[in-house]
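In my numbering, the protein residues as written are 2 to 296. For each residue, glycine too, the CB sits at the ideal point set by N, CA and C. Quick caveat: nothing in here was measured; it's all calculated off a predicted structure.
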Amino acid sequence: MIGCFGKIPASADFVSLHGALPEVAEFDRWLQRTLVDLDHSEQWQARFDELPLCYFSFVSTTGAWLLGGVVSSRDSSGRRYPFFIFQLVRVSDGELSAHTLAEVFAAQIKPLLIDAAQGLEVALVFRRLAALRPWDRADLALYQRVHLKFLDDFELSDIANALQHSYANLHGLSLQARLQGLSASVGEARPPVVHFPLPAERGLKRPVADFWCDWWAGQNNGQVPTVSVLVDDFMHPGLLCFASRHVATAYRVLTGGLSCPSLLHAESGIECPDVRTDQPLRRLLASLRQQGTSA
Numbered sequence: 002m003i004g005c006f007g008k009i010p011a012s013a014d015f016v017s018l019h020g021a022l023p024e025v026a027e028f029d030r031w032l033q034r035t036l037v038d039l040d041h042s043e044q045w046q047a048r049f050d051e052l053p054l055c056y057f058s059f060v061s062t063t064g065a066w067l068l069g070g071v072v073s074s075r076d077s078s079g080r081r082y083p084f085f086i087f088q089l090v091r092v093s094d095g096e097l098s099a100h101t102l103a104e105v106f107a108a109q110i111k112p113l114l115i116d117a118a119q120g121l122e123v124a125l126v127f128r129r130l131a132a133l134r135p136w137d138r139a140d141l142a143l144y145q146r147v148h149l150k151f152l153d154d155f156e157l158s159d160i161a162n163a164l165q166h167s168y169a170n171l172h173g174l175s176l177q178a179r180l181q182g183l184s185a186s187v188g189e190a191r192p193p194v195v196h197f198p199l200p201a202e203r204g205l206k207r208p209v210a211d212f213w214c215d216w217w218a219g220q221n222n223g224q225v226p227t228v229s230v231l232v233d234d235f236m237h238p239g240l241l242c243f244a245s246r247h248v249a250t251a252y253r254v255l256t257g258g259l260s261c262p263s264l265l266h267a268e269s270g271i272e273c274p275d276v277r278t279d280q281p282l283r284r285l286l287a288s289l290r291q292q293g294t295s296a
């Protein structure tokens with residue numbers, strides 16, 4: 002099911018298409034908390050307006066996934082509030098490569114999010130949403146296979162090379178050492194949110210985002226991030242992974258008002274001979290999980 006919720010300049014009130022779904026209401030409450038959290042800072046309105054367009058993966062308490070994009074917006078009276086477009090996904094086995102799955106959908110809704118926030122009429126927003134095709138089971142299975150192929154065909158050194166275009170201080174050995182260091186610190190401190198860099202290259206951005214989510218699951222007893230936010234920043238795209246729906250600090254992290262652990266700043270960890278940059282990512286994940294179990 003595809004819909005939207007939030008505020009746009011073309012309406013004096015909230016705009017909603019399937020916004021009454023419990024999963025949508027739950028995600029909206031999370032957004033409300035992030036907005037209240039940002040409101041504690043000075044000049045929060047200017048900071049809110051400057052936020053980049055983001056894409057989200059939200060696992061609701063019902064077990065369903067809500068995937069989509071969110072943009073800073075306001076109603077016709079200038080009252081600020083996010084506007085988001087979503088697609089609801091129900092999976093029986095819990096396996097979902099959310100960011101890879103949403104690649105085409107994200108490309109479809111990005112111009113609509115921007116147009117809506119710039120004054121597109123509500124009827125036209127609904128009409129363009131109605132033209133989108135929702136995913137079916139074949140799509141879910143296909144994109145899961147695509148992600149597994151990525152894990153088999155790519156190595157950590159490939160990710161490091163792709164990241165160097167946006168993050169010049171990263172290279173294969175540095176990334177491996179930092180990933181092991183982050184693994185140790187996450188295991189000890191259990192931070193509520195962690196930041197990961199993403200390649201700017203379109204074909205790698207989302208597969209790498211799902212790889213980081215897989216890594217997160219390996220550090221958290223197989224539990225994927227309850228909320229993950231892909232920050233669509235042109236120069237420095239990134240991924241925020243949240244341990245819980247109760248952690249609603251996304252906007253403050255994005256505006257620089259709150260720091261969080263990041264792979265970019267992780268101290269080098271202890272070398273493990275079973276964790277190498279020249280092995281497929283799927284094997285690397287298995288080695289890291291084994292390392293975590295043995296620790």
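Contact annotation: the segment 13-20 touches the segment 123-135, with at least three C-beta pairs closer than 8 Å.
For A13 and D234, the gap between their C-alpha atoms comes out near 29 Å.
Cβ-Cβ distances below 6 Å link I3 to Q88, L130, L133 and P135 in the same chain, with the five nearest sequence neighbours on each side left out; the list follows chain order. Within the segment 15-46, the runs of beta strand (DSSP E) at least 3 residues long that lie entirely inside it are, in chain order, 16-18. R191 sits in coil when the DSSP states are folded into three classes, being neither helix nor strand. DSSP places H100 in the helix class (H, G or I) of the three-state scheme. Taking all protein chains shown into account, R203 has fewer than 16 neighbouring C-beta atoms within 10 Å of its C-beta and is therefore exposed. Only exposed fits Q46, as fewer than 16 other CB atoms lie within 10 angstroms of its CB. Ranked by Cα distance from F57, the options A107, D40 and S42 are led by A107. Bounds of the alpha helix (DSSP H) holding G204 are R203 to Q220.
Per DSSP, V248 is not a residue of any alpha helix (DSSP H), being assigned neither H nor E. Residue pairing for Y56: DSSP places it in a beta bridge opposite G70 and L231. A distance below 8 Å separates the beta carbons of W217 and V225. Secondary structure note for I86: its beta strand (DSSP E) is the uninterrupted segment R81 to V90.
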